[in-house]
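Residue numbers (this note's numbering): 1 to 444. Note that CB positions come from ideal geometry on N, CA and C, so glycine has one too. As structure tokens, the structure follows; a few thoughts come after it.
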Ligand code: BGC
């Protein structure tokens with residue numbers, strides 16, 4: 001079927017810990033992010049997500065904001081500790097009821113619910129047993145997936161198992177800058193394998209509960225080979241063979257490790273993972289689409305010192321405007337990663353996250369330019385044959401941006417974190433008009 005035969009979904013994306021707050025409401029258990037944010041020095045601003053945007057109590061207002069945009073679909077995540085406070089055992093109905101109400105409201109507003117089961121907020125009780133370093137967490141995740149799917153089943157239009165297992169593994173387990181705050185370097189890789197194992201087990205659990213499509217949302221970054229190893233300016237000199245090898249090693253870690261095994265190709269070589277008999281078959285349970293979270297490419301060259309811990313150096317990608325995060329704005333990277341994923345895996349694609357941190361309010365022209373150029377990149381990928389079925393902006397509202405607290409603002413809608421008042425930025429009206437135009441022209 002040609003891509004044009006599929007409806008194209010415009011959407012926005014959020015995650016539970018970043019917006020919900022209400023961390024003790026209705027029997028919610030403790031998550032690793034509650035623990036982490038309450039440890040001194042972990043969050044740049046000293047904040048926690050205890051209140052965040054208080055979306056738990058203001059979801060009706062937020063759904064109204066979505067309806068005002070005219071979006072087709074909303075991607076949110078379920079907080080595992082609301083549904084299973086300790087990560088195992090019977091369901092906490094009051095926690096699950098919140099998501100039932102949210103789904104009701106979305107459907108009443110004509111917005112398709114896109115549900116992510118895991119956006120990094122593991123129940124703390126499972127962390128006490130090793131978190132994703134413990135193989136049993138994969139089985140616990142499948143049990144939790146089954147409980148949520150039993151409640152919401154076909155009312156969810158698209159199920160997403162995990163959000164960005166790459167970022168969760170590297171930031172949370174290898175470098176310790178996200179919860180659970182472990183700095184295990186390559187020792188973190190078992191957390192990657194167990195997440196993917198949990199994904200595969202969850203896919204099978206979901207299949208028996210729903211006919212809706214199932215996907216995973218990965219963070220993808222096209223790798224740019226930088227030359228001039230050992231020099232101050234990364235762009236001086238032609239890349240050497242060692243630079244190319246370093247870029248390939250990085251690409252394997254960031255992109256292929258989290259995608260090849262989903263499609264029965266096993267892991268790229270060179271990684272030490274605790275793979276047991278049958279695991280790769282579980283991980284390769286068929287999925288219907290790939291979720292693509294895209295923010296920026298990564299520039300790589302060979303390590304500048306022979307005793308480097310890593311087989312690559314990450315260097316600055318010069319010559320592009322940057323967001324408040326310092327991330328280069330490279331829309332072509334989105335086109336490239338979409339066409340590559342289409343070529344290599346041949347599955348439908350959804351851009352499940354794309355957006356930028358700019359504090360500008362109310363007239364955020366840079367966000368408008370960012371979104372406009374990235375939507376053009378999606379269009380270019382579609383024109384080149386990639387089956388891209390949706391584009392979800394990160395994010396609807398300013399929120400708790402992990403280790404940066406509320407200091408990095410990704411919202412189409414500004415949030416005053418003292419009063420929790422929401423005020424749409426110029427980009428909100430721009431996106432609303434952009435969506436309306438695409439409907440009128442019947443093209444993204
Ligand atoms: C995550 C979001 C995060 C965004 C911006 C993605 O890696 O899925 O939770 O807010 O990037 O940093």
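query: When burial is assigned at 16 or more other CB atoms within 10 Å of the CB, is residue 310 buried or exposed?
result: As a position in the chain shown, residue 310 is number 310, starting the count at 1. Residue 310 comes out exposed.
- request: Please specify which runs of the alpha helix (DSSP H), each continuous and at least 4 residues long, are wholly inside the segment 137-166, giving them in chain order.
  value: Here no run is fully enclosed.
task: Output the boundary residues of the beta strand (DSSP E) element that contains residue 116.
output: For this step, residue 116 is matched to residue 116 along the chain shown. 112-118 is the span of the beta strand (DSSP E), which, as asked, contains residue 116.
field: Integer-rounded CB distance, given that residue 111 should sit under 8 Å from residue 149
entry: As a working mapping, residue 149 is identified with position 149 in the chain shown. As a working mapping, residue 111 is identified with position 111 in the chain shown. With 8 Å as the limit, residue 149 and residue 111 do not qualify as a contact, their Cβ atoms being about 20 Å apart.
task: Rounded to whole angstroms, what's the CA-CA distance from residue 357 to residue 351? Just pull it up for me.
output: Within the chain shown, residue 357 is the residue found at index 357, counting from 1. Within the chain shown, residue 351 is the residue found at index 351, counting from 1. C-alpha separation (whole angstroms): 18 Å.
- prompt: If you draw a straight line from the C-alpha of residue 40 to the C-alpha of residue 122, how long is it?
  reply: Against the chain shown, residue 40 aligns to sequence position 40. Against the chain shown, residue 122 aligns to sequence position 122. The straight-line gap from Cα to Cα measures roughly 20 Å.
Residue 435, DSSP secondary structure in three states: Along the chain shown, one-based indexing puts residue 435 at 435. Helix at residue 435.
message: What residue range does the alpha helix (DSSP H) around residue 33 cover?
response: For this step, residue 33 is matched to residue 33 along the chain shown. Looking at the DSSP string, the run of the alpha helix (DSSP H) that includes residue 33 is 32-37.
- prompt: Would the beta-carbon of residue 15 be found less than 7 Å away from any heavy atom of ligand 1?
  reply: By 1-based counting over the chain shown, the position of residue 15 is 15. It does: the Cβ of residue 15 is within 7 Å (strictly closer) of some heavy atom of ligand 1.
query: Can residue 370 and residue 444 be called in contact, C-beta distance under 8 Å?
result: Here residue 370 corresponds to residue number 370 of the chain shown, with the count starting at 1. Here residue 444 corresponds to residue number 444 of the chain shown, with the count starting at 1. Contact: no.
field: Buried versus exposed, by CB contacts within 10 Å (16 or more), residue 186
entry: On the chain shown, position 186 is the one that residue 186 refers to. Burial call: exposed.
field: Beta-carbon gap between residue 469 and residue 417 smaller than 8 Å
entry: A question about residue 469 goes unanswered here, because the residues of the chain that appear run from 1 up to 444.
task: Name the two residues that bound the continuous beta strand (DSSP E) containing residue 61.
output: The residue given as residue 61 occupies position 61 in the chain shown. Element bounds for residue 61: not the beta strand (DSSP E) but the alpha helix (DSSP H), 55-69.
- prompt: Are the C-beta atoms of residue 327 and some chain D residue less than 8 Å apart?
  reply: Of the chains in the structure shown, none is chain D; there is only one protein chain.
query: Is residue 33 near ligand 1, going by C-beta to nearest heavy atom under 7 Å?
result: Locating residue 33 in the chain shown gives position 33, where the first residue counts as 1. Residue 33: no, Cβ never under 7 Å from ligand 1.
task: Less than 8 Å between the CB atoms is what I'm expecting for residue 284 and residue 264, so what's the real figure, rounded?
output: Numbered from 1 along the chain shown, position 284 holds the residue referred to as residue 284. Numbered from 1 along the chain shown, position 264 holds the residue referred to as residue 264. With a contact defined as Cβ atoms closer than 8 Å, residue 284 and residue 264 qualify at about 4 Å.
field: Check: residue 402 C-beta below 7 Å from any heavy atom of ligand 1
entry: For the purposes of this step, residue 402 is taken as the residue at position 402 of the chain shown. Yes - ligand 1 has a heavy atom lying nearer than 7 Å to the Cβ of residue 402.
query: For ligand 1, is there a heavy atom less than 7 Å away from the beta-carbon of residue 394?
result: Position 394 of the chain shown, counting from 1, holds the residue named residue 394. At least one heavy atom of ligand 1 is nearer than 7 Å to the Cβ of residue 394, so yes.
message: Please determine whether the Cβ atom of residue 18 lies at a distance below 7 Å from any heavy atom of ligand 1.
response: The residue labelled residue 18 in the question sits at position 18 within the chain shown. Yes, since a heavy atom of ligand 1 falls inside the 7 Å radius drawn around the Cβ of residue 18.
- request: Output the distance between the C-alpha atoms of residue 101 and residue 151, rounded to the nearest integer angstrom.
  value: On the chain shown, position 101 is the one that residue 101 refers to. On the chain shown, position 151 is the one that residue 151 refers to. Using only the alpha carbons, I get a separation of about 11 Å.
query: What are the boundary residues of the alpha helix (DSSP H) that includes residue 369?
result: Locating residue 369 in the chain shown gives position 369, where the first residue counts as 1. Element bounds for residue 369: 365-383.
- prompt: Rounded to a whole number of angstroms, what is the C-alpha to C-alpha distance between residue 336 and residue 222?
  reply: Numbered from its first residue, the chain shown carries residue 336 at position 336. Numbered from its first residue, the chain shown carries residue 222 at position 222. Looking at the backbone, the Cα of residue 336 and that of residue 222 are separated by about 7 Å.
- prompt: Roughly how far, in whole angstroms, is the beta-carbon of residue 209 from the beta-carbon of residue 146, given that I think they are within contact range, below 8 Å?
  reply: As a working mapping, residue 209 is identified with position 209 in the chain shown. As a working mapping, residue 146 is identified with position 146 in the chain shown. About 7 Å separates the two Cβ atoms, so the contact holds.
- prompt: Is residue 354 near ligand 1, in the sense that its beta carbon is under 7 Å from a heavy atom of that ligand?
  reply: Here the question's residue 354 lines up with position 354 in the chain shown. The answer is no for residue 354.
message: If contacts are defined as beta-carbon pairs under 8 Å, then residue 243 and residue 225 qualify, I think. What distance do you get, rounded to the angstrom?
response: Mapped onto the chain shown, residue 243 falls at position 243. Mapped onto the chain shown, residue 225 falls at position 225. The pair is a contact, with the Cβ atoms about 5 Å apart (cut-off 8 Å).
task: Mark residue 431 as exposed unless 16 or more other C-beta atoms lie within 10 angstroms of its C-beta, in which case mark it buried.
output: Along the chain shown, one-based indexing puts residue 431 at 431. By the neighbour-count definition (other C-beta atoms within 10 Å, threshold 16), residue 431 is a buried residue.
- request: Any chance you could list the alpha helix (DSSP H) runs of at least 4 consecutive residues sitting entirely within the segment 247-306, in chain order?
  value: Segments of the alpha helix (DSSP H) lying fully in the segment 247-306: 279-283.
- request: Just confirm the distance between the C-beta atoms of residue 114 and residue 75, as a whole number of angstroms; I'd bet it's less than 8 Å.
  value: Mapped onto the chain shown, residue 114 falls at position 114. Mapped onto the chain shown, residue 75 falls at position 75. That belief holds up - the Cβ atoms of residue 114 and residue 75 are roughly 4 Å apart, short of 8 Å.
- prompt: Using 8 Å as the Cβ pair cut-off and three pairs as the minimum, do the segment 189-204 and the segment 247-261 touch?
  reply: The segment 189-204, when compared against the segment 247-261, does touch it at the 8 Å Cβ threshold.
task: Could you check what DSSP says for residue 215 in three-state terms: helix, strand or coil?
output: Looking up residue 215 in the chain shown gives position 215. In this structure, residue 215 counts as strand in the three-state DSSP scheme.
message: Less than 8 Å between the C-beta atoms of residue 163 and residue 217, yes or no?
response: If you number the chain shown from 1, residue 163 lands on position 163. If you number the chain shown from 1, residue 217 lands on position 217. Annotated as proximal: residue 163 and residue 217, with beta-carbon spacing under 8 Å.
message: With distance defined between alpha-carbon atoms, name the residue in 256, 388 and 137 nearest to residue 267.
response: Mapped onto the chain shown, residue 267 falls at position 267. Comparing alpha-carbon positions, the option among 256, 388 and 137 lying closest to residue 267 turns out to be 256.
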